[in-house]
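See below for the structure under consideration.
Residue numbers (our numbering): 80 to 219.
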């Protein structure tokens with residue numbers, strides 16, 4: 080990575096938006112939200128495995144939070160669930176407005192793991208859509 084902080088990243092995003100707002104919006108999940116979420120909450124092994132490829136551009140990342148009908152309380156109104164079976168979680172639900180969803184190699188997807196805990200019952204999962212069945216991306 081470039082070792083630049085978030086203020087510098089924001090300036091880069093603003094400058095990109097002056098030329099092409101679409102490109103600037105694609106830059107945000109690829110260079111900031113997806114890898115930063117992994118960095119902030121991931122294990123050392125996850126950070127080493129995923130972040131270098133995301134920041135180098137070898138992998139495309141996304142950040143899947145928004146849901147149909149979610150409103151302004153995206154965490155509290157979340158319907159996507161994650162159920163643990165054995166050593167794996169099974170995700171079930173729908174997301175929308177996910178930049179690069181049709182091209183992503185690695186992403187962060189948010190899902191409810193505890194329905195009774197409100198926003199605190201939401202967990203972030205690292206997903207690899209090209210490796211596992213069930214990920215469908217459609218133009219909105």
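Here a beta-carbon is modelled for each residue, glycine too, at the ideal position from N, C-alpha and C.
Please return the same chain residues whose Cβ sits closer than 6 Å to the Cβ of residue i, not counting the five positions on each side in sequence.
i: residue 197; result: 155
i: residue 144; result: 153, 189
i: residue 142; result: 108, 112, 113, 187
i: residue 207; result: 185
i: residue 170; result: 161, 190
i: residue 168; result: 161
i: residue 217; result: none
According to DSSP, simplified to helix, strand and coil, what is residue i?
i: residue 179; result: coil
i: residue 151; result: coil
i: residue 203; result: strand
i: residue 132; result: helix
i: residue 121; result: coil
i: residue 197; result: helix
i: residue 127; result: helix
i: residue 96; result: helix
i: residue 208; result: coil
i: residue 145; result: coil
i: residue 101; result: helix
For residue i, which residues from the same chain have a beta carbon less than 7 Å from its beta carbon, with the 5 sequence-adjacent residues on both sides left out?
i: residue 193; result: 200
i: residue 120; result: 203
i: residue 91; result: none
i: residue 118; result: 126, 130
Quick one, are the C-beta atoms of residue i and residue j less than 7 Å apart?
i: residue 113; j: residue 187; result: yes
i: residue 116; j: residue 180; result: no
i: residue 172; j: residue 183; result: no
From the DSSP secondary-structure annotation, give me the bridge partner or partners of residue i.
i: residue 160; result: 171, 191
i: residue 91; result: Answer is none; residue 91 lacks a bridge partner.
i: residue 185; result: 140
What residues in its chain sit with their C-beta under 8 Å from that of residue i, if we drop five residues either side in the sequence?
i: residue 128; result: none
i: residue 146; result: 153, 156, 157, 158, 159, 172, 173, 174, 175
i: residue 213; result: 170
i: residue 195; result: none
Decide if the stretch 132-140 is in contact with the stretch 171-178; the criterion is three or more beta carbon pairs, one per stretch, under 8 Å apart. no
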